[in-house]
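Per this note's numbering, the very first residue in the sequence shown carries number 25; after that it's consecutive.
For glycine and all other residues, C-beta sits at the position ideal for the given N, C-alpha and C.
Step one of this worksheet: look at the structure below.
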Amino acid sequence: MFSCFYFVTRKGCEKMRKRICAGLLAAVALTAVLLLTGCGGNDSTEASAGGETVTVTDSKGREVEVPEKVERVVCVGVGALRYTCYMDAEELVVGVEDYEHERTLSRPYNYVNYELFSELPVIGVKDEPDAELLLAADPDVIVMSEATGTDADELQQKVGIPVITIGLNDEMIGETAYETFRIMGEVYGREERAQELTDYLDDIKADLDERTADVQEDGPAVYIGGVSYKGLHGFEGTEAGYGPLSAIHAKNLADETGRTGAFNIELEQVLAWDPDIIFIDLEGLKLINEHYETTPEYYEQLQAVKNGRVYSQISYRSSASNLETALADTYYAGTVIYPEQFEDVDPAAKADEIFNKLLGTNFYGTLKENGYEFKEVVIGQR
Numbered sequence: 025m026f027s028c029f030y031f032v033t034r035k036g037c038e039k040m041r042k043r044i045c046a047g048l049l050a051a052v053a054l055t056a057v058l059l060l061t062g063c064g065g066n067d068s069t070e071a072s073a074g075g076e077t078v079t080v081t082d083s084k085g086r087e088v089e090v091p092e093k094v095e096r097v098v099c100v101g102v103g104a105l106r107y108t109c110y111m112d113a114e115e116l117v118v119g120v121e122d123y124e125h126e127r128t129l130s131r132p133y134n135y136v137n138y139e140l141f142s143e144l145p146v147i148g149v150k151d152e153p154d155a156e157l158l159l160a161a162d163p164d165v166i167v168m169s170e171a172t173g174t175d176a177d178e179l180q181q182k183v184g185i186p187v188i189t190i191g192l193n194d195e196m197i198g199e200t201a202y203e204t205f206r207i208m209g210e211v212y213g214r215e216e217r218a219q220e221l222t223d224y225l226d227d228i229k230a231d232l233d234e235r236t237a238d239v240q241e242d243g244p245a246v247y248i249g250g251v252s253y254k255g256l257h258g259f260e261g262t263e264a265g266y267g268p269l270s271a272i273h274a275k276n277l278a279d280e281t282g283r284t285g286a287f288n289i290e291l292e293q294v295l296a297w298d299p300d301i302i303f304i305d306l307e308g309l310k311l312i313n314e315h316y317e318t319t320p321e322y323y324e325q326l327q328a329v330k331n332g333r334v335y336s337q338i339s340y341r342s343s344a345s346n347l348e349t350a351l352a353d354t355y356y357a358g359t360v361i362y363p364e365q366f367e368d369v370d371p372a373a374k375a376d377e378i379f380n381k382l383l384g385t386n387f388y389g390t391l392k393e394n395g396y397e398f399k400e401v402v403i404g405q406r
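Printed below as a string of structure tokens:
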């Protein structure tokens, strides 16, 4: 996976000071929580006792009362913390799942905010919240992805803390993302930020549609290989409905199989297709190069390889999709497949615009320094 280097965002220092204060408050709160739980204080209404509440409808249609002013949040399950960072609300987080204590470039929200998250207490392992650790963190609200499989009502009753569910965001621009922004905006009191992000995604969708509205069905045939899903894959790893290609109406050959999602395809089928353009998920490039060493003749038959039409994609899936990376991949793919329609786009500059909007910092340079960049790929070249 991605290598790790020290990186401090422009918001890091200010938020570090906030964390120090929050840590002292958490120690006091923990003592109070333990005393309360010892007396059987488990009713969800007690979590917001003494203050005004608002009712929020979550992704499962549950109507949940939360404090009108939420100041302490715990995120459970893939996507919950990621989208909280998109909402510029990471300073509210008071506990994280264990895997967030490991810094990784594969999840930019984690890398950018690692100094903040590494000092927070663990509230469970990935997708498995621990009731005692949740109580110790003493959040006002638990925001939980449906992907955990945990029953929200049971958890809420068990810990006496409001639980808000969000859908699993494993897509690019879709209703689940919009709904998550809406829910988080209401919970965090950041409706303006939710609308800002919704408008931004609408603008991107409109821009991509306008650029590719007149694309002909007989456009370049494209294959994406090395796609990461449930681990690394070589050239055979591909994906039907691959987000960056679908968003620009590209002719993704994997779509012709009738399958959906990521899967392994027979290499002979790719040879039969003989795509005009090939994209390589950089996470799978090492395996592809190893395969090239033993069977170079396979790749040398492909016209895209012979014509130098093989290009990179930065893997955007790590514990569900990183929206910002997927969008950056989309614009780069557009410049390759439709150079005239995207002639005004600088992929690196567009990537940083997207990273700034969603995570508040330039990030493409950090990716590039670690070998993840938009470029022509020479298969077999290390």
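Tell me which residue opens and which closes the beta strand (DSSP E) that residue i is part of.
i	result
Gln293	No beta strand (DSSP E) contains Gln293, which is instead part of the alpha helix (DSSP H) from 291-297.
Ile301	301-305
Glu87	87-91
Tyr335	334-337
Ala286	285-288
Gly249	245-249
Gly119	117-119
Glu263	261-264
Nearest CA to the CA of residue i: which residue from the options?
i	options	result
Gln325	Val88, Gln293, Phe379, Ile378	Gln293
Pro268	Val100, Tyr356, Pro320	Tyr356
Val118	Leu105, Ile361, Tyr110	Leu105
Asp353	Ile361, Glu364, Tyr340, Ala344	Tyr340
Asp164	Arg235, Lys374, Tyr212	Tyr212
Met208	Glu199, Thr174, Ile188	Ile188
Thr172	Glu307, Val102, Ala278	Val102
Glu95	Tyr107, Thr81, Glu115	Glu115
Asp279	Gly285, Ala271, Ile272, Ala264	Ala264
Gln327	Phe398, Asp112, Asp298, His257	Asp298
What does a CB cutoff of less than 7 Å around residue i pick up in its chain, not counting 5 residues either side in sequence?
i	result
Gly332	Glu400
Arg217	Met111, Asp112, Gly209
Tyr138	Arg127
Go to residue i, then tell me how far its alpha helix (DSSP H) extends in each direction, as first and last residue.
i	result
Val329	327-330
Gly358	347-361
Gly103	Gly103 -> no alpha helix (DSSP H), and no H or E assigned at all.
Val402	Segment: none, Val402 is in no alpha helix (DSSP H) and carries neither H nor E.
Thr390	388-393
Val80	That residue, Val80, is in no alpha helix (DSSP H); its beta strand (DSSP E) goes 77-81.
Tyr323	320-324
Tyr340	Premise fails: Tyr340 is in no alpha helix (DSSP H) and is neither H nor E.
Gly267	267-270
Roughly how many angstroms separate the alpha carbons of residue i and residue j, rounded to a whole number?
i	j	result
Arg86	Glu215	19 Å
Phe287	Ile403	21 Å
Glu121	Ala296	45 Å
Cys109	Pro320	44 Å
Asp242	Asp300	11 Å
Pro91	Ala245	53 Å
Pro371	Tyr388	10 Å
Ser83	Thr204	8 Å
Glu408	Thr77	Limits of the chain in this structure are 25 at one end and 406 at the other, which puts residue 408 out of reach.
Ala274	Leu157	47 Å
Gln337	Gly255	16 Å
Pro145	Arg206	27 Å
Ala375	Lys182	43 Å
Glu393	Leu306	14 Å
Asp368	Ala271	18 Å
Thr200	Thr318	44 Å
Gly174	Asn276	The amino acid at residue 174 is misidentified as Gly; the sequence shows Thr. Rounded to whole angstroms, Thr174 to Asn276 spans 36 Å at the Cα level.
Leaving out the 5 sequence neighbours to the left and right, which residues in its chain are closer than 8 Å to residue i when beta-carbon positions are compared?
i	result
Tyr202	Thr222, Leu225
Glu290	Glu260
Gln405	Asn313
Gln240	none
By Cβ distance, which residues of its chain are closer than 6 Å to residue i, with the 5 residues on each side in sequence left out?
i	result
Gly395	none
Ile197	Leu225, Lys229
Ser342	Ser130, Arg131
Leu58	No answer about Leu58 holds up, because its pLDDT of 40 lies below 50 and its placement is not dependable.
Gly75	Pro91
Thr81	Glu87
Please confirm if residue i has its CB atom under 8 Å from at least one CB of chain C.
i	result
Asp82	Of the chains in the structure shown, none is chain C; there is only one protein chain.
*Which ranges would you report for the alpha helix (DSSP H) in the stretch 163-238 if only whole runs of at least 4 residues count?*
176-183, 199-212, 215-236
*Run through the stretch 133-160 for me and flag every whole alpha helix (DSSP H) of 4 or more residues, listed as ranges in chain order.*
You should have 138-141.
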